Amino acid sequence: MCGFSGWICFSSDISEFQDVITKMTDVLSHRGPDEEGYYITKHALLGHKRLTIIDPEGGKQPMIKFHDQQKFVIVYNGELYNTQELRAKLQSLGYHFSSYSDTEVVLTSYIQWKEECVKYLNGIFAFAVFNETKNQLFIARDHLGVKPLFFSIKNDNFIFASEIKALLKHPLISTKVNKEGIFELIGLCPARSPFSAIFKDIIELPPAHYVIYSKDRYEIKEYWLLKPEKFNKTVDETIEIVKNLVTDAITRQLVSDFEICCFLSGGLDSTIITAISANQLRKERKRLKSFSIDYKDNAKYYKSNQYQPTLDNTYAKIASKSIGTEHIVVEIDNELLCDALLHATVANDLPGMADIDSSLLLFTSEVRKYAKVALSGECADEIFGGYPWYWREDYKSFKTFPWSPSLEFRKNILSKKYSKSELEEYVNSKYKESLGKVNYLDSDSQEEVRHRILYYLNVKWFMVTLLNRKDRMSMANSLEVRVPFADYRIVELLYNVPWKIKCLENMEKGLLRRSFEGIIPDEIKNRKKSPYPKTYNPEYLKKTKKKVLEIIKNNSPIFEIIDKTYLEIITEKEYFPLDKPWFGQLMTLPQFFGYIIQLDFWAKTYNVDFE
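Per the UniProt record's numbering, numbering of the sequence shown is gapless, rising by one per residue and ending at 611.
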């Protein structure tokens, strides 16, 4: 994986501002600690930081290629999983290659098919191609949004980068956050609306979108949609299709010139990935390393609940023993977990999922000591129906985002400076806007329409939130994490598989369980879903509460947007003032306090200007 930045201006000579692109690129060193490169010309400045995974010599960037008397330059962050097929197809069309890197395949695909190239790519990617001969820029992001891409248009300047922090190094981009950004922070975060990057001057390119930019053209387009189709496969046929497609996605993602490992929680998704990966590597006479996370004294304080019915540790050991991995448990200290909230904020450039973020940050820091590449089980719950909002009627009936039912609570924490009814209207408008984009068949039953809606919301909102978290926390430690369930072919298929097949045996992800029966241990196959673990140690709650009280005492800048009095009331309670988490399944009182800590640190560190 890598990080890149760029500045295009067709109305001025910007070649003398190399120091700007250097500063923008330098702050992305964590994304690519192995190499750096620049391309400087009159109307374009490009910078790249590389994490070397495939073809150390042939994959250097920025990469230049000439064709048909035109000059093309690419900066690219990602991994292509159909490199061999695409290279062969392009060679049959007369193209020649000087490397075995996927970067050259992506660049050549663009040269051949222009903006249509994205329809040929299977992988995780964000990239920019500059056609110097025609003075035209093309940027694109992968189908599901595994890799990030942000941009800003200021007068005649098009500025882009892999992370927000790089854009903020450009002198034209401010740290202003307007009312829309504030409503995102309070009403929707840690999720964000498509295109929103919170900062007024910055746009996040949504998944499955590209931009074409030239002196007289600015076009942004969504290139991939979830299309409803009649599904006429039997249960057994569907099981076989899912098994083959998931296995193919995992196997394709095991390509690397360096060691690959797996995250293994002992849950269904990570166990499937680990089992397939271990079997494949065994053919190459390699033994797979697997990693799980635990918290100091967690078993001592844990109590089973509807959101987290079992702890992972026992099941991770069962899975590792059955599959035959070299298993390593990373134990996280609760004090370090709280302290890492700040580093996680910088990694994300925004307040996020509190210790759900900081634990992943600490975890991937340890994993990076053993490997450069890891496979992880994200996205299976979104597409196979693993979350409670797919199952429970009280969730399914919500007229808002089901993972964020706490709008009244969010309205209460909003500063009196802003209108609570406007906040509610803003959130509702984003929900209704998403509903309007869901495609379904006239023949769909009411239940199937509702499940298509839930599927779309999960893929376009909740999944993107988790993928953003995974990318920022892992890349902060220069670890490339691949997510096989985010293969767009699997996502397309599952959009049309009827709910009665997905929920085989009346179990969440029943179809996935049946598809890998006999390949994973029965204890894992029959285990009730348990999400990413969190700490139950009361010391963590005490520590976060203490920090929030200090924030209140020191009159933080966040009280421009947060109601200080209401926050004080919450600190006086010993329980969370809601019957459900305020976001997802895991974010209750300790995580809410963690969010406030992150919000305070972010506002101060980034010198945020709340308009």
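Just so it is clear, CB atoms sit at the ideal spot from N, CA and C, and this is done for glycine as well.
Since the structure is predicted, the reported quantities are computational estimates derived from the model, not experimental observations.
- By the beta-carbon neighbour count (other beta carbons within 10 angstroms, threshold 16), Arg-527 is buried.
- For His-170, the closest C-alpha among the options Ile-159, Lys-179, Val-177 and Glu-163 is that of Ile-159.
- Ser-365 and Asp-333 have their alpha carbons spaced roughly 14 Å apart.
- In terms of Cβ geometry, Phe-593 and Thr-535 do not form a close pair [threshold 8 Å].
- Rounded to whole angstroms, the gap between the alpha carbons of Ile-212 and Met-463 is 26 Å.
- Between Ser-478 and Pro-33, the C-beta spacing is below 8 Å.
- Runs of alpha helix (DSSP H) with 4 or more residues, each lying fully within the stretch 422-494, are found at 446-457 and 463-475, listed in chain order.
- Short of 7 Å from the beta carbon of Tyr-431, and not among the five residues preceding or following it, lie these beta carbons of its own chain, in chain order: Thr-400 and Phe-401.
- Annotation: the continuous alpha helix (DSSP H) that includes Trp-391 extends over 388-391.
- The C-alpha of Trp-224 is placed about 23 Å away from the C-alpha of Phe-130.
- The stretch 289-373 is shown to contain whole beta strand (DSSP E) runs of 3 or more residues at 289-295 and 326-332, in chain order.
- The way I'd put it, the stretch 453-460 doesn't touch the stretch 337-353; fewer than three beta-carbon pairs between them come closer than 8 Å.
- Secondary structure within the stretch 101-180: the beta strand (DSSP E) runs of 3 or more consecutive residues, fully enclosed, are 123-131, 136-141, 150-154 and 157-161 (chain order).
- Listed as beta-bridge partners of Ile-64 by DSSP are Val-73.
- The DSSP-derived three-state label of Ala-88 is helix.
- In the DSSP secondary-structure assignment, Val-211 is bridged to Ile-139 and Ile-220.
- Note on geometry: alpha-carbon atoms of Ser-290 and Ala-371 lie some 10 Å from one another.
- Around the beta carbon of Pro-538, fewer than 16 other beta carbons sit within 10 angstroms, so the residue counts as exposed.
- Here the alpha carbon of Ser-421 sits roughly 45 Å from the alpha carbon of Ser-12.
- Secondary structure at Leu-375: strand, using DSSP grouped into helix, strand and coil.
- Within the DSSP bridge table, the entry for Arg-50 names Cys-2 and Glu-35 as partners.
- Ser-196 sits in a strand when the DSSP states are folded into three classes.
- The secondary-structure analysis by DSSP pairs Glu-517 across a beta bridge with Ile-520.
- Straight-line measurement puts the Cα of Arg-50 at about 40 Å from the Cα of Thr-238.
- In the DSSP assignment, Ile-551 falls outside any beta strand (DSSP E) and lies within the alpha helix (DSSP H) extending over 538-553.
- In the three-state scheme derived from DSSP, where H, G and I count as helix and E and B as strand, Ile-8 is classed as strand.
- Nearest Cα to Lys-283 within the set Ile-293, Leu-254 and Asp-297: Leu-254.
- Annotated three-state conformation of Ile-501 is helix, per DSSP.
- A contact between stretches requires three or more CB pairs, one per stretch, nearer than 8 Å, and the stretch 475-491 meets this requirement with the stretch 246-266.
- Of the candidates Leu-341, Tyr-315 and Gly-47, the residue whose Cα lies closest to the Cα of Val-329 is Tyr-315.
- Ile-413: member of the alpha helix (DSSP H) spanning 407-413, first to last residue.
- Excluding residues up to 5 positions away in sequence, Val-146, Lys-147, Pro-148 and Val-481 lie with their Cβ nearer than 8 Å to the Cβ of Asp-471 in the same chain.
- Within the same chain, and ignoring the five residues on either side of Ala-166 in sequence, the residues whose Cβ sits closer than 6 Å to its Cβ are Ser-5, Met-24, Val-27 and Leu-28.
- Taken atom to atom, the span from the alpha-carbon of Leu-494 to that of Pro-194 is near 22 Å.
- Around the beta-carbon of Ile-569, fewer than 16 other beta-carbon atoms lie within 10 Å, marking it exposed.
- Rounded to whole angstroms, Asp-156 and Cys-9 show a C-alpha spacing of 6 Å.
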